[in-house]
Each structure stands twice: as structure tokens, then as C-alpha cells.
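Notes for the one structure printed next.
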Ligand code: BES
Ligand code: ZN
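Residue numbers (this note's numbering): 3 to 456.
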């Protein structure tokens, strides 16, 4: 193990150069123009894995973007690990807020800045380099490894469940390991044991059959923009409780043990507020901030538009109003059931003056993973030694839809070892990975595989 750790230490410069090249591929899964880039990215990943010493590499076409698999299975009697990562990235807009080209990585204050550095190319690259370091020094891995890289995580992993079902026997392993989450802070490693689920909807209200003169018709007909505002505002009461009937029905009360576990994670509310530039926080009472973001469901408007939004003023009473909104879910809420409850709520509440139409977007199930497995203990030790700091256990508000499917379809639990710092700006302009954290993270993954069999 020591040789592999030394190998990591002496390859920092090469890692930066290789990762930079990987990051030049604009693998935006939601952009139909990037179909070829998605394939190029899969091929690039195959080459990285081949150079690392991984066998049986394949690119599988799906009805959407490709899936890459590979393995190394020469450790008889040792456990088999499924390593998952995603090759796709979020769109880059607003482009003018990026300091440089989002697909030409540059270093600033110890950080490598580009789309995909943290979410998730940088983190999956760390896995490839940990395996490479062990194979190049020890000649063999302490565990068996199967790798699955998808290209549709940021669009809800639409085709991956079918792939899991079709390849169930091959993909059923002892544990899945995913690095697509974060640390508590610089130098403070974390293991995530909870992820939220998601239901995403778009609503369109149609009032009058065309845009109208707001003087001639204002006062005569209901304004769809105003109705939409009222409907959306009615979803929560002043204590932040979601008013949709049945919304909370499947959520068990939080146990005292769980509340205590969440409260154990250090938190400075003043710093948190100032990092976000807000004077106060707001959310569901009586829960703490960490409970709200990690363990309670939420409802957020992602976008809202109607009427005239151009330069200057135009007096118009719009015909249509639109919003995109999403709910983050916790066990045992079901994304499809919640979708129906929400649609029903809006349909029943909307006045006769508007027609209501929905577009259903992707979703995913919530997960809470076991916190006492031998794999989690091994990873905890590996992280603690590498960062020379105790490890925190987090429930996160983000979603990685396939994690619930690993359990449901394959019966496999997932260990979430994440390395993004809170200011990694994932999904935002100037996304970055903190390089010292990244290098140490590769070492922690090397240790993890050895400690799995200790
Ligand atoms: N890496 C994130 C998920 C994440 C964020 C985990 C923060 C832990 C902490 C992932 O790539 C992501 O952004 N997922 C989407 C999923 C959605 C599009 C179905 C998300 O959470 O919005
Ligand atoms: Zn993401």
C-alpha cells in the first residue's frame, strides 16, 4: 500500500494534465447537440481505464447516451466492488459568469476550475488513478472491481435502470462505491449516508386565447401569471409546511437518535449565512437547517416565466404562465405518487379561468444507507488517516437516482465517498475541485481498497 501511496504523491502533475484533457470534452447530457461529445467522452474514459490496467472494457449504447463498463476480477475470496461515476455534466450557462472557458480548465488558488471538475469527472478520475496506482506498484488489487460509468445522471439516469436489469447478474456485487458528493469542509472528510429523491414538474396555465392589451382587458379576465403566483405561493404555509394533502404521509417521525446524529456535525450558522449572502435563513419549522436540507422534503420553484420579460416596458396581459418546480423527497416518499398528489392539488385549486397542463420531468427515489457496515468502517478509517481528521456522516439534499436502484434492482448498498468542498460550485459557473483535497482523496481511495480486506 505504501508504494501505491508514494506513486500517487509523485504523479500530481500528470494527474492535473490528464484531468484537464478529460475536462475538455463538453459532455452536457441535456444538450442534443452534444450527442457525439457524449460518445467521445465514453471513449476517453475507456482509454483512461485501459491505461490504468482495467480489463473487459466496453461501451454499451442505450436509447440515450452510452454506458461504460470494465472490471478487474483477479482477487479470489476478496469482495467485489461496483464503482459508479457519471461522465455527463450540467449545462454551462450563464456563460458570462465564468472567468474562463468552462471546458478549458485553469488553476486558481489551488483549485482546478472547469465544468465537471467536481461533478463528476474529477471524482471518477480519482477512482481510476487510485486503481492505477495500486496496479502499477503492487501488480494486483486487494479487491475485485467492476466499473460502471453512465452519461445521463444529470438528466435523471433515465436509461440506467433498464441496463441494471439487463445486466443484473454481472452488476450484482458486495457493495457499490460512488464518489459524487462532498466533504464537510477543507480538511474535514465526510461519508454521505442519505440522499434525497426527486419529483420534477413543469406547469403551464392558459387563460385568454391570446396576449391581451392590459388596459383594454385588465379587470375583465383573470391574469394567468397572477394565478400561477397565487397557486405556487399556496404550496407552503408561513411555517414552511407543504400544504399538498398526503405529502408527508409516508415519512416516519425523525428519531431522537437521528436528530442527535445530524446535530453532531459541526455547523456555524453565521458563517453559513454570510457564505450565501443572506441575512436570515428560512425553512420548515421546527427543524434545524441540517435537518431541513438533509432529512426533510422540500419544494422549490426552479424557474417561472410569463408575459413580457424583454427590455423596457410592454403593457400586456399574458395568455400563458409557466413554472418549473421540484420536490426533494425523503424515505419513504415515492416520486410517482408525489407527482400525482401535486398535480391533483394544482388542478383542484386552479380557478376555471385557466386551463392547467403538466409536463412530467425525471425523478428518483430517496435513500438512506446502512451506517454500520464493515465497508463504511474501512472507508472511515481510510479517510481519517488520509486527511488526518475525524470523518463526519452526512445526509445530503442532492440526489443520485441510481443509488436507490442499486438497492432495489441489484440488492446492493452504496457507500458514498465524496470529495467536493462546499464551495465547489457544482452546477454553477466556475465549478472547481480543490487540488490538495483531490490528491489526498486519491490516497484515501487507495487505502479504502486495502482496508476492505483487512
Ligand atoms: N453530485 C450530485 C448529487 C449530490 C449533490 C450529492 C450534493 C450530494 C451532495 C449529482 O450529480 C446531481 O447533481 N444530481 C442531480 C440529480 C437530478 C438531475 C436527477 C440533482 O441532485 O439535482
Ligand atoms: Zn450534478
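Every residue gets a Cβ at the ideal spot worked out from N, C-alpha and C, and that includes glycine.
The model shown is predicted, which means the values in this text are computed figures rather than measured ones.
From this set, the options, which residue's C-alpha is nearest residue i's C-alpha?
{"i": "residue 1", "options": "20, 36, 71, 83", "result": "Past the boundaries of the shown model lies residue 1; the chain is included only from 3 to 456, so the question cannot be answered."}
{"i": "residue 424", "options": "192, 4, 311, 374", "result": "192"}
{"i": "residue 294", "options": "196, 373, 452", "result": "196"}
{"i": "residue 320", "options": "224, 186, 203, 94", "result": "224"}
{"i": "residue 226", "options": "402, 354, 247", "result": "354"}
{"i": "residue 363", "options": "62, 441, 204", "result": "204"}
{"i": "residue 289", "options": "262, 347, 179, 447", "result": "262"}
{"i": "residue 359", "options": "365, 368, 349", "result": "349"}
{"i": "residue 369", "options": "415, 383, 342, 386", "result": "415"}
{"i": "residue 373", "options": "418, 335, 25", "result": "418"}
{"i": "residue 50", "options": "38, 22, 66", "result": "22"}
{"i": "residue 43", "options": "26, 58, 52", "result": "26"}
{"i": "residue 59", "options": "336, 148, 238, 275", "result": "148"}
{"i": "residue 446", "options": "67, 296, 249, 388", "result": "388"}
{"i": "residue 403", "options": "180, 237, 116", "result": "180"}
{"i": "residue 85", "options": "420, 429, 234, 433", "result": "420"}
{"i": "residue 337", "options": "200, 237, 57, 229", "result": "200"}
{"i": "residue 430", "options": "347, 76, 101, 61", "result": "101"}
{"i": "residue 116", "options": "346, 300, 433", "result": "433"}
{"i": "residue 41", "options": "61, 24, 16, 219", "result": "61"}
{"i": "residue 428", "options": "95, 14, 341", "result": "95"}
{"i": "residue 24", "options": "3, 12, 124, 215", "result": "124"}
{"i": "residue 236", "options": "208, 57, 413, 347", "result": "347"}
{"i": "residue 444", "options": "16, 74, 56, 130", "result": "130"}
Can you give the Cα-Cα distance for residue i and residue j, rounded to whole angstroms?
{"i": "residue 457", "j": "residue 356", "result": "Residue coverage of the chain in this structure runs from 3 to 456, which leaves residue 457 outside it and unanswerable."}
{"i": "residue 438", "j": "residue 256", "result": "37 Å"}
{"i": "residue 119", "j": "residue 217", "result": "51 Å"}
{"i": "residue 139", "j": "residue 9", "result": "7 Å"}
{"i": "residue 484", "j": "residue 99", "result": "The structure shown does not extend to residue 484, since the chain is modelled only from 3 through 456, so no value can be given for it."}
{"i": "residue 333", "j": "residue 231", "result": "29 Å"}
{"i": "residue 436", "j": "residue 272", "result": "24 Å"}
{"i": "residue 28", "j": "residue 394", "result": "33 Å"}
{"i": "residue 247", "j": "residue 351", "result": "12 Å"}
{"i": "residue 132", "j": "residue 456", "result": "18 Å"}
{"i": "residue 146", "j": "residue 325", "result": "47 Å"}
{"i": "residue 126", "j": "residue 411", "result": "23 Å"}
{"i": "residue 64", "j": "residue 176", "result": "26 Å"}
{"i": "residue 78", "j": "residue 174", "result": "16 Å"}
{"i": "residue 202", "j": "residue 280", "result": "26 Å"}
{"i": "residue 312", "j": "residue 213", "result": "15 Å"}
{"i": "residue 39", "j": "residue 250", "result": "41 Å"}
{"i": "residue 105", "j": "residue 322", "result": "37 Å"}
{"i": "residue 229", "j": "residue 97", "result": "33 Å"}
{"i": "residue 345", "j": "residue 266", "result": "38 Å"}
{"i": "residue 331", "j": "residue 371", "result": "15 Å"}
{"i": "residue 141", "j": "residue 76", "result": "11 Å"}
{"i": "residue 14", "j": "residue 45", "result": "23 Å"}
{"i": "residue 335", "j": "residue 310", "result": "38 Å"}
{"i": "residue 137", "j": "residue 188", "result": "29 Å"}
{"i": "residue 450", "j": "residue 442", "result": "12 Å"}
{"i": "residue 209", "j": "residue 308", "result": "12 Å"}
{"i": "residue 167", "j": "residue 74", "result": "22 Å"}
I'd like to know whether the C-beta atoms of residue i and residue j end up nearer to each other than 8 Å.
{"i": "residue 72", "j": "residue 122", "result": "no"}
{"i": "residue 47", "j": "residue 135", "result": "no"}
{"i": "residue 69", "j": "residue 152", "result": "yes"}
{"i": "residue 80", "j": "residue 144", "result": "yes"}
{"i": "residue 490", "j": "residue 190", "result": "The chain is shown only over 3 to 456; residue 490 falls outside these bounds and no answer can be derived."}
{"i": "residue 426", "j": "residue 183", "result": "no"}
{"i": "residue 408", "j": "residue 128", "result": "no"}
{"i": "residue 365", "j": "residue 158", "result": "yes"}
{"i": "residue 298", "j": "residue 269", "result": "no"}
{"i": "residue 154", "j": "residue 67", "result": "yes"}
{"i": "residue 194", "j": "residue 382", "result": "no"}
{"i": "residue 396", "j": "residue 186", "result": "yes"}
{"i": "residue 275", "j": "residue 300", "result": "no"}
{"i": "residue 18", "j": "residue 114", "result": "yes"}
{"i": "residue 391", "j": "residue 317", "result": "no"}
Answer yes or no: does any C-beta atom of chain C fall closer than 8 Å to that of residue i?
{"i": "residue 373", "result": "In summary, chain C is missing from the structure at hand, where a single protein chain is found."}
Requested in this report: Give a yes or no on contact between the segment 303–317 and the segment 145–164, applying the rule of three or more CB pairs nearer than 8 Å.
Outcome: No, they do not touch.
Query raised in the report: Quick one: any contact between the segment 282–296 and the segment 242–258, if contact means 3 or more CB pairs under 8 Å?
Result: With contact defined as three or more Cβ pairs closer than 8 Å, the segment 282–296 and the segment 242–258 are in contact.
**Report entry** At least three beta-carbon pairs within less than 8 Å, the segment 374–382 to the segment 248–262
**Finding:** Not touching, per the Cβ criterion.
Query raised in the report: Taking contact to mean at least 3 C-beta pairs separated by less than 8 Å, is the segment 104–117 in contact with the segment 31–38?
Result: Contact between the segment 104–117 and the segment 31–38 is absent, because fewer than three Cβ pairs lie under 8 Å.
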